[in-house]
Amino acid sequence: MLQKIGLQFDDIVKCFSGNACIEGGLHLPEGLTEDQMVEEWDIMMSRNSGPKKASLLGAGAYMHFIPAIVPHLASLPGFVTAYTPYQPEISQGTLQSLFEFQSFIVELTGMELANCSMYDGASSTAEAMLMAHRVKKANRVLAAATVNPNYLATVRTYLKPHGIAVDVVRMDGNGQVSLEDLASQLSASACSAVLVQSPNYLGIIEDLAAVATIVHRHDALFVESFTEAMALGLLKYGVDTGADVVTGEGQSLGLSMSFGGPHLGIFATLKKYNREFPGRIVGESIDTKGRQAFVMTLRAREQDIRREKATSNICSNHALNALTAAVYLGSVGESGFRALACENVAKLKKLINGLEATGHFTRVFKQSPVFNEAVLASSIAPEDVRSRLAGLPVFPPLALARGAVPDVQGMPYTYLVCATEMLKDSILEQVLGALS
Amino acid sequence: MKIQNDARYAKSDEWVRVEGSVGVIGISDYAQDKLGDVVFVGDISVGSILKAGDLLTSIESVKAASDVYTPVSGKVLEVNHEVTAKPELINTDAFGAGWLAKIELSNPDELNDLMSATDYAEHRKE
Numbered sequence: 002m003l004q005k006i007g008l009q010f011d012d013i014v015k016c017f018s019g020n021a022c023i024e025g026g027l028h029l030p031e032g033l034t035e036d037q038m039v040e041e042w043d044i045m046m047s048r049n050s051g052p053k054k055a056s057l058l059g060a061g062a063y064m065h066f067i068p069a070i071v072p073h074l075a076s077l078p079g080f081v082t083a084y085t086p087y088q089p090e091i092s093q094g095t096l097q098s099l100f101e102f103q104s105f106i107v108e109l110t111g112m113e114l115a116n117c118s119m120y121d122g123a124s125s126t127a128e129a130m131l132m133a134h135r136v137k138k139a140n141r142v143l144a145a146a147t148v149n150p151n152y153l154a155t156v157r158t159y160l161k162p163h164g165i166a167v168d169v170v171r172m173d174g175n176g177q178v179s180l181e182d183l184a185s186q187l188s189a190s191a192c193s194a195v196l197v198q199s200p201n202y203l204g205i206i207e208d209l210a211a212v213a214t215i216v217h218r219h220d221a222l223f224v225e226s227f228t229e230a231m232a233l234g235l236l237k238y239g240v241d242t243g244a245d246v247v248t249g250e251g252q253s254l255g256l257s258m259s260f261g262g263p264h265l266g267i268f269a270t271l272k273k274y275n276r277e278f279p280g281r282i283v284g285e286s287i288d289t290k291g292r293q294a295f296v297m298t299l300r301a302r303e304q305d306i307r308r309e310k311a312t313s314n315i316c317s318n319h320a321l322n323a324l325t326a327a328v329y330l331g332s333v334g335e336s337g338f339r340a341l342a343c344e345n346v347a348k349l350k351k352l353i354n355g356l357e358a359t360g361h362f363t364r365v366f367k368q369s370p371v372f373n374e375a376v377l378a379s380s381i382a383p384e385d386v387r388s389r390l391a392g393l394p395v396f397p398p399l400a401l402a403r404g405a406v407p408d409v410q411g412m413p414y415t416y417l418v419c420a421t422e423m424l425k426d427s428i429l430e431q432v433l434g435a436l437s
Numbered sequence: 008m009k010i011q012n013d014a015r016y017a018k019s020d021e022w023v024r025v026e027g028s029v030g031v032i033g034i035s036d037y038a039q040d041k042l043g044d045v046v047f048v049g050d051i052s053v054g055s056i057l058k059a060g061d062l063l064t065s066i067e068s069v070k071a072a073s074d075v076y077t078p079v080s081g082k083v084l085e086v087n088h089e090v091t092a093k094p095e096l097i098n099t100d101a102f103g104a105g106w107l108a109k110i111e112l113s114n115p116d117e118l119n120d121l122m123s124a125t126d127y128a129e130h131r132k133e
């Protein structure tokens, strides 16, 4: 092609400005033979501190138990190698599995329709804000200060090129979004959406219905988000809490943490937005012989058809991860999922009680309800916490920045601590022993 | 290709038929044929003031989504609710029952900028 148009490769490279290009080559080392590479790899691997059986670190990715049947079924070659289901006649298996996933999500989120997944919780949350802007047109959205900071940063990245302002609603004295500040900021000028995460970044459960009441007085869309999908097994979301969109991260549904991805974006909304929402949706229909058939539907919203007017530039989903989540939910079942959620609550309670009993920790925002994460103040510094936990099969908790939450007398360090069903009593005992 | 002789045409395949001071607007038979089976017609706000060339609505078929522009300026007086309920009327009767909106012409001279039926037929000859 370059020959045809009379150009050299360098002519393309010249299009990139100044320091975008690497000077003088990549400086890669010499190639290794397979056995040399294995040897180097073994040396690297031996530096790992041993398998982790539990994680006190949450903050957006969670260690949960994954039943063996989940990766077993999800890794069946027919699922792993399947292409995007553009041709429904040869993709019925894929399409049906995604339809099942959508059905699970509608039930769990308490909404009316769900797409067949997006990339991750952060980007699907950003997409929800863009959808709200398409519907309501106001060039401003509000986000609670208690939303995961990475999600907030992603929202800003997505909204900036559209010229949509993102204003933050303050946190109140209970670690929840301030309803007072919310009302005042909504009255100040028009807004397309309000974003509240529950459980929020500090692990605290927000009063979603109370937020919805205020939001709907001002003709904005209410976007509920979550980073911990397991909370869907116990807490109320969706239509019953006044949501227009429920969006978040599905990694807790049978996906490993994998250093941050690929994870699973969950997006559910109301039927009245069926031409405005982003992403793929699978519909149930019949074929020419009257048999049940599944197909990607409402395609006219998508980029290959709508181009720059598409509801999103996403033209894909995380099908294999969505399938994995569907297998996970199918294997634990409705009552099992609820039981797991309750177990998470119980584990956190046990952990907090144990940590407070050491005398070195105390809960911040004591009166606020939590799910499986909470903030604790401590007299033990982060380097010390890490070294005490070093020999144990647990990831240490996140140390929060100074000033993130109100100071506690004598306990200048704060941690976001997570406990899931993985925190077995034997491991908990070791943790408490190390932190006493 | 069906053509309606008493209508004026935009290059973008919309037609306008004048009834007194009102322009009835739709898309041509050529356009519906290219679109394929129409499944959805987007909302049009009665009372909105439009300039010639403004976006009137969007029509979705099974394979495409197409913007429809008003060929004339004026206030939207009426919207065809039958077509909202049965979008396929655009396929079966693009010049008749498949009309989209009625606009009170604010500048009838604009009709001179549009094509006659003969010119449009020539423009879209295959």
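Note that the protein sequences, when read in sequence, are chains A and B. Residue numbers for the first sequence follow my numbering, beginning at 2 and rising by one. Residue numbers for the second sequence follow my numbering, beginning at 8 and rising by one. Glycine is no exception: its CB is placed at the ideal position from the N, C-alpha and C atoms. Small disclaimer: the values here were computed from a predicted structure and weren't measured.
* CB-CB length for residue 1(A) against residue 215(A), believed under 8 Å -> Residue numbering for chain A in the displayed model covers 2 to 437; residue 1(A) lies beyond these limits and cannot be assessed.
Original post:
Hey, would you say residue 84(A) sits closer than 9 Å to residue 92(A), going by beta carbons?
Top reply: yes
Residues of its chain near residue 175(A), where Cβ-Cβ distance is below 8 Å and the 5 sequence neighbours each way are ignored = 205, 366, 368, 369
Report task. Could you spell out the range, first to last residue, of the alpha helix (DSSP H) harbouring residue 113(A)? Result -> It is not in any alpha helix (DSSP H) - residue 113(A) carries neither H nor E in the DSSP assignment.
*asked:* Output needed in chain order: residues of the segment 93–111 of chain B with a Cβ under 8 Å from some Cβ in chain A.
replied: none
Requested in this report: With 8 Å as the C-beta to C-beta threshold (strictly closer), list the residues of the segment 273–288 of chain A near chain B in chain order.
Outcome: 276
Next on the checklist: Could you tell me the alpha carbon to alpha carbon distance between residue 99(A) and residue 115(B), rounded to whole angstroms?
Outcome noted: 53 Å
(Q) Rounded to whole angstroms, what is the Cα-Cα separation between residue 297(A) and residue 128(B)? (A) Taken atom to atom, the span from the alpha-carbon of residue 297(A) to that of residue 128(B) is near 37 Å.
Whole-Å CB distance - residue 225(A) paired with residue 197(A), under 8 Å assumed = With a Cβ gap of about 6 Å, residue 225(A) and residue 197(A) count as contacting.
Report the rounded CA-to-CA distance for residue 255(A) versus residue 235(A), giving the unit in angstroms. 17 Å
### Message
Cβ closer than 9 Å: which chain B residues qualify as neighbours of residue 213(A)?
### Response
The contacting residues do not exist; residue 213(A) stays about 25 Å from chain B at best.
**Helix, strand or coil at residue 15(A) [DSSP, three-state]** = coil
Using alpha carbons as the reference points, say which of 74(B), 19(B), 102(B), 99(B) lies closest to residue 308(A). 74(B)
task = Kindly say whether residue 46(B), judged by its beta-carbon, lies nearer than 9 Å to any beta-carbon of chain A.
result = yes
Item to check | Residue burial classification, residue 99(B) (beta-carbon count within 10 angstroms, cutoff 16) | outcome: exposed
Going by DSSP, what residue range makes up the alpha helix (DSSP H) through residue 157(A)? 150–160
- request: Note down, in chain order, every chain E residue with its Cβ under 8 Å from the Cβ of residue 71(B).
  value: Absent here is chain E; the protein component of the structure consists of chains A and B.
Practice task
Put residue 245(A) into one of helix, strand or coil per three-state DSSP.
Solution key: coil
inquiry  = Check this for me: beta carbons of residue 118(A) and residue 435(A), under 9 Å apart or not?
reply    = no
Exercise for the section: Could you give the DSSP three-state label for residue 177(A): helix, strand or coil? Expected result: Of the three classes helix, strand and coil, the one that applies to residue 177(A) here is coil, per DSSP.
inquiry  = Please classify residue 52(A) as buried or exposed, where buried requires at least 16 neighbouring CB atoms within 10 angstroms.
reply    = exposed
- Any idea what DSSP makes of residue 108(B), helix, strand or coil? strand
- Query: Looking only at its own chain, which residues have a Cβ that is under 6 Å from the Cβ of residue 9(B), when we skip the five neighbours before and after it?
  - Reply: For residue 9(B), the CB contacts under 6 Å within the same chain, skipping 5 residues up- and downstream, are 36 in chain order.
Cβ distance (whole Å) where residue 72(B) is taken to contact residue 306(A) below 8 Å
The pair is a contact, with the Cβ atoms about 6 Å apart (cut-off 8 Å).
Rounded to a whole number of angstroms, what is the C-alpha to C-alpha distance between residue 108(A) and residue 247(A)?
-> 12 Å
Using a threshold of 9 Å, state whether the C-beta atoms of residue 145(A) and residue 156(A) are closer than that. no
Mind checking which residues open and close the alpha helix (DSSP H) that includes residue 67(B)? Careful: residue 67(B) lies outside any alpha helix (DSSP H), inside the beta strand (DSSP E) at 62–68.
Would you verify that the beta carbon of residue 68(B) is, or is not, closer than 9 Å to some beta carbon of chain A?
yes
Legend entry - Span of the beta strand (DSSP E), counted from its first residue to its last, around residue 375(A): 374–379
Return the Cβ separation of residue 271(A) and residue 242(A) in integer angstroms, given the expectation that the two are a contact with Cβ distance under 8 Å.
With a contact defined as Cβ atoms closer than 8 Å, residue 271(A) and residue 242(A) miss out at about 13 Å.
**Asked** When you compare only the Cα positions, how much space is there between residue 408(A) and residue 377(A)?
**Response** 11 Å
message: Tell me the DSSP secondary structure of residue 24(B) in three-state form.
response: strand
_Which runs of the beta strand (DSSP E) at least 3 residues long sit entirely within the segment 201–286 of chain A? Give them in chain order._
With a minimum length of 3 residues, the continuous beta strand (DSSP E) runs that stay inside the segment 201–286 of chain A are 222–227, 246–250, 266–270.
**Report entry** Nearest-angstrom Cα separation, counted from residue 44(B) out to residue 5(B)
**Finding:** Residue 5(B) falls outside the range modelled here, since chain B spans only 8 to 133, and no answer is possible.
| query | Under a CB-based cut-off of 9 Å, is residue 137(A) close to chain B? | reply | No, its Cβ sits nowhere closer than 9 Å to a Cβ of chain B.
Counting only beta-carbon separations shorter than 9 Å, does residue 74(B) have a partner in chain A? At least one beta carbon of chain A lies nearer than 9 Å to the beta carbon of residue 74(B).
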